[in-house]
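In our numbering, the protein residues as written are 659 to 730.
Just so you know, even glycine gets a beta-carbon here, dropped at the ideal spot from N, CA and C.
A short worksheet on the structure shown next.
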């Protein structure tokens, strides 16, 4: 039982490490969240931001990555 739990913790640790690296790389690009199609409305003290295009692109990329991982 503890053997499986240990493997699960290692797997999640590696997953978090990879996700942290991806987030760091994306933040250095600078254009993520400022693509055409992202909704940004600012009226007085109220700001609304919804990264529609960014969300779609990230979804497609993650779907492709997970498809390749699952097929192995």
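| message | To test your reading of the DSSP string, which unbroken beta strand (DSSP E) runs of 3 or more residues are found completely within the stretch 664-718? | response | 697-701 and 704-708
| query | In chain order, what residues of the same chain have a beta carbon less than 6 Å from the beta carbon of residue 693, not counting five sequence neighbours either side? | reply | 711 and 712
| field | Whole-Å CB distance - residue 697 paired with residue 708, under 8 Å assumed | value | 4 Å
| said: For residue 726 and residue 703, I'd like the C-alpha separation in whole angstroms. | reply: 45 Å
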